[in-house]
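K.L.:
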Amino acid sequence: MFKWDTLIINATIATMEEGSLAYGMIEKGALGILNGRIEWLGTTAGIKNSIETLAKELIDAEGCLLTPGLIDCHTHLVFGGNRADEFEQRLNGVDYQEIARNGGGILSTVRATREASFDELYQQSLPRFQALISEGVTTVEIKSGYGLDFESELKMLQVAKKLGDEHGIQVKTTLLAAHAVPPEYKDNADGYVDVICTEIIPKIAGLNIADCVDAFCEGIGFSYEQTKRVFDAAARWGLPVKLHADQLSDLNGAALVAEYAGLSADHVEYTSLKSVKAMAKAGTVAVLLPYAFYVLKETKLPPIEAFRKHNVPIAISTDCNPGTAPSSSLLTTMNKACVAFSLTPEEVLTGVTRNAALALGIEDEVGSIEFGKKADLVLWNIKHPADLCYWQGLNRVQRIFK
Ligand code: DI6
Ligand code: FE
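For the working numbering, count along the sequence shown from 1 and bump the result up by 450.
1) Which runs of the alpha helix (DSSP H) fall wholly inside the segment 796-839 and span at least 4 residues, in chain order?
2) State the DSSP-derived secondary structure class of Glu601, mapped to helix, strand or coil.
3) Between Asp522 and the ligand FE, is the CB less than 7 Å from at least one heavy atom?
4) Relative to the alpha-carbon of Ser584, which residue among Cys523, Val745, Ser778 and Ser725 has its alpha-carbon at the smallest distance?
5) Relative to the alpha-carbon of Asp455, which residue among Ile670, Asp837, Lys506 and Gln608 has its alpha-carbon at the smallest distance?
6) Nearest by alpha-carbon distance to Gly703: which of Ser567, Thr734, His760 and Leu607 is it?
7) Kindly provide the ranges of any beta strand (DSSP E) runs that are 3 or more residues long and lie completely inside the segment 468-494, ordered along the chain.
8) Got a sec? Which residues, its chain only, sit under 6 Å from Ile654 by beta carbon, not counting five neighbours each side?
9) How would you write the range of the beta strand (DSSP E) that Ser714 sits in, first residue to last?
10) Determine contact between the segment 770-788 and the segment 521-529, defined as no fewer than three beta-carbon pairs at a distance below 8 Å.
11) In this structure, does DSSP put Asn845 in helix, strand or coil?
12) Just to confirm my understanding: we take Ile549, look at its own chain, exclude 5 residues before and 5 after, and list those with CB closer than 6 Å. What are they?
13) Give a yes or no on whether the C-beta atoms belonging to Ile650 and Ala684 are separated by under 8 Å.
14) Counting Cβ pairs, one atom from each stretch, are 3 or more of them under 8 Å apart for the segment 829-847 and the segment 780-794?
15) If you measure between the beta carbons of Glu719 and Leu689, is that distance less than 8 Å?
16) For the beta strand (DSSP E) containing Lys662, list its first residue and its last residue.
17) In angstroms, rounded to a whole number, what distance separates the CA positions of Val831 and Asp599?
18) Between Asp769 and the ligand FE, is there a pair consisting of the residue's CB and a ligand heavy atom that are separated by less than 7 Å?
19) Taking the continuous beta strand (DSSP E) assigned at Lys506, which residues delimit it?
20) When the Cα atoms are used, what is the spatial distance from Asp700 to Tyr635?
21) Secondary structure at His617, three-state DSSP: helix, strand or coil?
22) Is the beta carbon of Ala627 within less than 7 Å of some heavy atom of the ligand DI6?
23) Along the chain, where does the beta strand (DSSP E) that runs through Thr462 open and close?
24) Check whether the segment 481-498 touches the segment 801-811, counting contact only when three or more Cβ pairs, one atom from each stretch, lie closer than 8 Å.
25) Around the C-beta of Pro753, are 16 or more other C-beta atoms found within 10 angstroms, so that it is buried, or is it exposed?
26) Based on the DSSP output, what are the partners of Pro763 in its beta bridges?
27) Taking DSSP's pairing of strands, which residues face Leu746 in a bridge?
28) Counting along the chain, where does the beta strand (DSSP E) carrying Asp522 start and finish?
29) For Thr503, which option in Leu471, Ile476, Asn532 and Leu457 has the closest C-alpha, if you only look at C-alpha atoms?
30) Is there at least one Cβ from chain C nearer than 8 Å to Thr494's Cβ?
31) Is there at least one non-hydrogen atom of the ligand DI6 closer than 7 Å to the beta-carbon of Phe579?
32) Would the beta-carbon of Ala877 be found less than 7 Å away from any heavy atom of the ligand DI6?
33) Judging by CA-CA distance, which residue of Asp637, Val663, Asn658 and Leu657 is the nearest neighbour of Cys647?
34) In terms of residue numbering, what span does the alpha helix (DSSP H) encompassing Thr782 cover?
35) When the Cα of Leu739 is compared with those of Val802, Ile501 and Lys678, which residue comes out closest?
36) Could you give the DSSP three-state label for Lys852: helix, strand or coil?
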């Protein structure tokens, strides 16, 4: 009888476990997997028995890097259509918020998403999902928010679930009905918030198809008060919350989501020091989205020093969406986080593993390589973790364990 299903030896293991060692690194490490769990972790020299007899499958990593599976904790990757035309308009001088106010932006994707059948929506979203997972992403959060009525929001969430099920990837779903005001409620945002609170959230909660509730708290989205109503409804139905907070202006969104002990405040470019402190107190993760920052040519940096000083965990994510982050590459985003936000490669790798798991409330299962956690791992054709952030345009995934 073998002790383990798989034994990996001679790996440079970035465990990402919290502690004093950079990257939680184990040099010449070894890891035993049994029934999909990490059952042994140490150095290769620490294995006493004759190695060949220990596991059904023996993998000699030859010094290559082993990391936790990457986690993309904020995406809008399920949507219909394409907005390359708006990308072009923006480069000809029209601004994002102006496009939105003229019925473009999020609402143009809403039209295309509503029109698409379930199968069409699945087929259109599939390449984006496949691109992400080909880069070693093993957990993906996917939001609704381009349906803006019960049926269309449900369709988006069902497509998201199917993507996960068909690929053996963990998908966490988020209801983002409060992403924009749909055309039927033009000039009656409060009326639409009523529908979200009394119809959409209760029905979605009843179907048990969303793990979380999110909103876009912004001048072109929903006010502080409206967001609060959405959060109260989420709380009534036992759903945790997160928020698109302070992306284009400071509406105290990060403080609001912290008040509800939310999982994360996302974007947070305009977040004040007061809100940072509220996040620290509540344990709310700051999810930074450097690709959206870059595409919008934003100049206001998130308060990164304050997050560090107050020990607010920082996660990094693609924000994969047709407007502000047309990208399905987490590796590219990681490079942007280093260059545009001056985060260190270690902070960034922590941000797409351990802290991204925290932002999704799944830190007990994934996000670091520790005894008893899921054997959710990526073996890379590189020797040093900084290389993941450093070089662009090469995918060095050697093997994914899920
Ligand atoms: N903030 C964003 O960056 C995305 N949604 C949001 O609330 C943009 C979505 C889009 O433009 O389609
Ligand atoms: Fe977003």
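Yeah, the Cβ is synthetic: ideal placement off N, Cα and C, and Gly gets one too.
Being a predicted model, the structure only gives us computed values, none of them experimental.
P.N.:
The short version:
1) Those alpha helix (DSSP H) runs which fall completely within the segment 796-839 and span 4+ residues are 804-810.
2) Within the sequence shown, residue 601 is the residue found at index 151, counting from 1. Correct three-state label for Glu601: helix.
3) The sequence position of residue 522 within the sequence shown is 72, counting from 1. No - the ligand FE has no heavy atom lying nearer than 7 Å to the Cβ of Asp522.
4) Sequence index remark: in the sequence shown, residue 584 carries index 134 (1-based). Closest in C-alpha terms to Ser584, from the list Cys523, Val745, Ser778 and Ser725, comes Ser778.
5) Here residue 455 refers to the residue found at position 5 of the sequence shown. Closest option to Asp455, Cα to Cα, is Lys506.
6) As a first step, residue 703 must be located in the sequence shown, where it is residue number 253. Nearest of Ser567, Thr734, His760 and Leu607 to Gly703, Cα basis: Thr734.
7) You should have 475-484 and 487-493.
8) In the sequence shown, counting from the first residue as 1, residue 654 sits at position 204. Correct list, in chain order: Leu625 and Ala660.
9) If you number the sequence shown from 1, residue 714 lands on position 264. According to the DSSP assignment, Ser714 belongs to the beta strand (DSSP E) that extends over Ser714 to His717.
10) By the Cβ criterion, the segment 770-788 is in contact with the segment 521-529, since at least three pairs of Cβ atoms, one from each stretch, lie closer than 8 Å.
11) Along the sequence shown, one-based indexing puts residue 845 at 395. Three-state DSSP puts Asn845 in coil, outside helix and strand.
12) Locating residue 549 in the sequence shown gives position 99, counting from the first residue. Excluding positions up to five away in sequence, the list reads Glu536 and Gly555.
13) Within the sequence shown, the letter at position 200 stands for residue 650. Within the sequence shown, the letter at position 234 stands for residue 684. Between Ile650 and Ala684, the C-beta spacing is not below 8 Å.
14) As far as the Cβ criterion goes, the segment 829-847 touches the segment 780-794, which means the pair count is three or higher.
15) Counted from its first residue, the sequence shown places residue 719 at position 269. Counted from its first residue, the sequence shown places residue 689 at position 239. At least 8 Å separates the beta-carbon of Glu719 from that of Leu689.
16) Residue 662 sits at position 212 when you count from the first residue of the sequence shown. The sequence shown places Cys at residue 662, rather than the Lys named in the question. Segment Cys662 to Cys667, the beta strand (DSSP E) holding Cys662.
17) Taking the sequence shown and counting its residues from 1, the one referred to as residue 831 is at position 381. Taking the sequence shown and counting its residues from 1, the one referred to as residue 599 is at position 149. The sequence shown places Asn at residue 831, rather than the Val named in the question. The alpha-carbon atoms of Asn831 and Asp599 are separated by roughly 45 Å.
18) To locate residue 769, count along the sequence shown from 1; it is residue 319. Flag set: Cβ of Asp769 near the ligand FE.
19) To locate residue 506, count along the sequence shown from 1; it is residue 56. The continuous beta strand (DSSP E) containing Lys506 extends over residues Ala505 to Asp510.
20) Stepping through the sequence shown from its first residue, residue 700 is reached at position 250. Stepping through the sequence shown from its first residue, residue 635 is reached at position 185. Using only the alpha carbons, I get a separation of about 25 Å.
21) Sequence index remark: in the sequence shown, residue 617 carries index 167 (1-based). If DSSP states are grouped into helix, strand and coil, His617 belongs with the helices.
22) Along the sequence shown, one-based indexing puts residue 627 at 177. No - the ligand DI6 has no heavy atom lying nearer than 7 Å to the Cβ of Ala627.
23) Taking the sequence shown and counting its residues from 1, the one referred to as residue 462 is at position 12. Where Thr462 is concerned, the enclosing beta strand (DSSP E) stretches over Trp454 to Ala464.
24) With the cut-off at 8 Å, the segment 481-498 and the segment 801-811 do not touch.
25) As a first step, residue 753 is located in the sequence shown; it is residue number 303 there, counting from the start. Around the Cβ of Pro753, a 10 Å sphere holds 16 or more other Cβ atoms; the residue is buried.
26) The sequence position of residue 763 within the sequence shown is 313, counting from 1. Among the bridge pairs identified by DSSP, Pro763 is matched with none.
27) As a working note, residue 746 is residue 296 in the sequence shown. None, per the DSSP bridge assignment.
28) Taking the first residue of the sequence shown as 1, we reach residue 522 at position 72. It spans Leu520 to Asp522 - the beta strand (DSSP E) in which Asp522 sits, taken as one unbroken run.
29) The sequence position of residue 503 within the sequence shown is 53, counting from 1. It is Leu457.
30) Absence of chain C from the displayed structure is noted, only one protein chain being present.
31) Sequence index remark: in the sequence shown, residue 579 carries index 129 (1-based). Between the ligand DI6 and the CB of Phe579, the shortest heavy atom gap is not smaller than 7 Å.
32) Outside the shown range of the chain (451 to 852) lies residue 877, about which nothing can therefore be said.
33) Residue numbering aside, residue 647 sits at position 197 when the sequence shown is read from its first letter. Distance check between Cys647 and each of Asp637, Val663, Asn658 and Leu657 places Val663 closest, using alpha-carbon atoms only.
34) Residue mapping note: residue 782 aligns to position 332 of the sequence shown, counting from 1. Judged by DSSP secondary structure, Thr782 falls within the alpha helix (DSSP H) whose first and last residues are Leu780 to Phe791.
35) One-based indexing of the sequence shown puts residue 739 at position 289. Nearest C-alpha to Leu739 among Val802, Ile501 and Lys678: Val802.
36) Looking up residue 852 in the sequence shown gives position 402. In the three-state reduction of the DSSP assignment, Lys852 falls in the coil class.
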